[in-house]
Amino acid sequence: MWRGERRIRVLVVDDEEGFRQTLAKRLEKRGAVVKQACEGQAALRSLDLESVDVVLLDVKMPGMDGLSALERIRKQHPNTEVILVTGQACTQDGVAGIKAGAFDYLSKPIEIEQLISKIRQAFDKLVRQQEQAQEAQFRSRMEQQLVATERLASLGTLAAGVAHEVNNPLAIINQFTGWLIDKVAKDDSMSPQTRAALDMGLGKIEKNIQRAKRITHQLLSFARQNDAVIKEFDLCAIASDVVELTRKTALDRNATVNCICAEPKIMLWSDPYQLRQVVVNMVSNGLQAVEPGGVVNLTVGGDKEHAEVLVKDDGPGIAPENLERIFEPFFTTKPPGQGTGLGLSVSKGIIEKLGGRIEVESELGSGALFRVTLPRKPLAGPEKADTNRMQRGEQ
Ligand code: ADP
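Structural data, given as structure tokens:
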């Protein structure tokens, strides 16, 4: 008894050993995988050890009878169908069994062809149920994804609007702060204490303008993930740029960034500016995570088809419950004012738009490893050619 690639698994439960053995042999001859049990309790123990598709269950047995066993099987093994076997004059037991969830019942003496056909029907019902469950699961996943995509799209529009609105007053504050700094520097009439206090206050304003600018910049990148400018460029050059761009953060943190290029040049077609933004973000995250004296290794390499960027740090790693969430927009574990929670979600958007993947591996206590994989050739297909502007030449 085969269904596709699979042999149907049957458990024959009957206290009459001769009857059970004969039935088992005949079913095995027809291709079923058969197990045997002599009463209800033994059947349940066998099912706990290894599940089957169909149980052939005698109703009248010493110990736990068939109907009680049926109740337990339906509860504990919902993916197993039960066919009851009743004595000739006991069809009412069969009817009660169907009411209690049995697939069907057969009366002794059993006609083997009829039994095989019933087992096949019971197995087909199981397969149908499994397919329906998978379909329902798939549908619910798709619905969740759709909701998340729609939410992200409206979040993107909102983010861009807010960033734009905040940028204008920010530019004015920035301009007048510069003017004030200049004024204070040129004013000879104030006391050293007043000058020191003004310098300190203005310095704080400047620092926070820069922070606000970084946030609006990230919000705008979040909304602008479509504008890729595709060129051919050397990934090793990007890696060196990133080391330069993160030098000050590394110094402040008393940490080191090592840059390792697998080949002298790693050429690929992609968006160098957006990729640089992603790598800066991963390296900065690594630098923020490590202890003083910590190390972030930036390795670039790949194969003929793909380029790869690895950013590995020896910081505290990422808690398992956060691993799933770090790519969500606005997810951050950094103190208020220090993290926007946008870096990785923007990075994921960029890399996926460029046809690549961004992945993370981490265990608490052994640092984090971020891996970006990108195709070396430009993405084919009319829709990509339209959305991504292509330019040839070195950046
Ligand atoms: P932000 O840095 O503003 O918090 P990100 O999206 O860049 O936003 O990162 C989200 C979160 O991912 C961080 O708050 C942090 O919890 C976690 N994370 C990212 N990189 C690392 C890393 N290298 N080590 C430990 N945690 C990290």
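Oh and the sequence shown: position 283 is 357 in this note's numbering, straight run, nothing missing.
We put the CB at the ideal spot given by N, CA and C, even for glycine.
query	result
Endpoints, the alpha helix (DSSP H) within which E185 is located	Where E185 is concerned, there is no enclosing alpha helix (DSSP H), given that its DSSP letter is neither H nor E.
Presumed contact (8 Å Cβ cut-off) between V133 and V159, rounded CB distance	7 Å
Beta-carbon proximity list for Q110, same chain, < 7 Å, skipping 5 on both sides	V86, R94, A98
With 16 other Cβ atoms within 10 Å as the buried cut-off, status of D88	buried
C-beta contact flag for Q362 and S295 at 8 Å	no
D88 in three-state terms, based on DSSP	coil
beta-carbon T414 near ligand 1 non-hydrogen atom, thresh 7 Å	yes
Local Cβ density within 10 Å of I193, reported as buried at 16 or more and exposed below that	buried
Which residues DSSP lists as bridging L381, in chain order	The question names Leu, but residue 381 in the sequence shown is Ala. Answer by DSSP bridge pairing, in chain order: G376, L448.
Residue from P403, L180, P394 whose Cα sits closest to the Cα of L293	P403
Per-residue DSSP class, three states only, for L303	Checking the sequence shown, residue 303 turns out to be Val, not Leu. If DSSP states are grouped into helix, strand and coil, V303 belongs with the strands.
Residue(s) in a DSSP beta bridge with D178	I157
S419: CB within 7 Å of a non-hydrogen atom of ligand 1	yes
Range of the contiguous beta strand (DSSP E) that encloses C335	330-335
Cβ-based neighbour list, F444, same chain, cut-off 6 Å, excluding 5 preceding and 5 following	M356, V385, V434
Any C-beta of chain C under 8 Å from that of D273	Among the protein chains of the structure shown there is no chain C, as only one such chain exists.
DSSP-derived helix/strand/coil call for Q412	coil
heavy atom of ligand 1 below 7 Å from A237 C-beta	no
Segment contact, 8 Å Cβ cut-off, at least three pairs: the segment 139-149 with the segment 160-177	yes
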